[in-house]
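With UniProt numbering, letter number 103 in the sequence shown gets 103, and the count goes up by one each step, no holes.
Using N, Cα and C, we set each Cβ at its ideal position, and we do this for glycine too.
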Amino acid sequence: MSKVEDFLTATEEQEVVHAILTAEKNTSGEIRVHIEGHTRKDHYERAKEVFHLLKMDNTKQENGVLIYVAVHDKKFVICGDKGIDNVVPQDFWQTTRNSIQTHFEKGAFKDGLVAGVLKAGEELRSHFPWHSDDTNELSNEISKG
C-alpha cells in the first residue's frame with residue numbers, strides 16, 4: 001500500500017460513512033474516522049491533536065469519538081472527548097478496539113472500520129442515547145492527513 005488514498009476505495013469509504021450514519025442514529029455521540037500515512041509523534045498524542053483540529057472537542061455534550069489510523073505505522077487509536085471519559089469505565093473502548101484489530105490483522109481495513117464505528121455507536125448509546133432534538137454536529141466524511 002503506497003498511499004493513504006489506497007487504504008480504502010471510494011466505495012469502501014462510503015460504506016464507512018454509511019456505518020457512521022447508522023451508528024449516530026442511536027446516539028447523540030459524534031463519530032469520525034481520520035486516516036493518515038505516518039506520524040513521528042506518539043499515536044495517542046497525534047490522535048488527540050487531530051481530534052482538536054477536527055473540532056471534535058466542540059460538541060455540546062463533549063461526546064465525540066475519533067478512530068485515528070496511521071496507515072504506514074500500522075497503528076490505530078480510539079479516543080473520546082471528556083464528556084465520555086467522565087462517565088465510562090477506563091477500559092470502555094476495549095471491545096471497539098478488539099473489533100477493529102481482528103479485521104485489521106486480516107487486512108480487512110474497511111470491515112474493521114465499519115465494525116469499530118458500529119461498536120462505538122452501540123457503546124455510546126447506553127450513555128448518550130439519541131434524542132429528537134439532537135443534531136449532527138460534525139461531518140461524517142472520512143478525513144485524511
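G116 carries a helical assignment under DSSP once its states are collapsed to helix, strand and coil. Counting only runs of 4+ residues, the alpha helix (DSSP H) found wholly inside the region 64-101 occupies 82-85, in chain order. Burial of E30 is indicated by the presence of at least 16 other C-beta atoms within 10 angstroms of its C-beta.
Proximity to G83 across K60, L21, V114, A115 peaks at K60, based on C-alpha coordinates. For the 8 Å CB-CB criterion, G121 and V71 do not form a contact. Under the three-state reduction of DSSP output, E62 falls in the coil class, being neither helix nor strand. Secondary structure note for V16: its alpha helix (DSSP H) is the uninterrupted segment 10-24. Looking at the DSSP output, S143 shares a beta bridge with H34. Looking from the CA of N98, the closest CA among D111, I20, T22 belongs to D111. In the pairwise beta carbon analysis, the region 86-106 is classified as not touching the region 7-25: fewer than three pairs are separated by under 8 Å. According to the DSSP assignment, H52 belongs to the alpha helix (DSSP H) that extends over 43-53. E24 and K74 have their C-alpha atoms some 27 Å from each other. If you draw a straight line from the Cα of T11 to the Cα of F92, it comes to about 30 Å. Around the beta carbon of V16, 16 or more other beta carbons lie within 10 angstroms, which makes this residue buried. Taking the Cα positions, L53 is about 15 Å away from H43.
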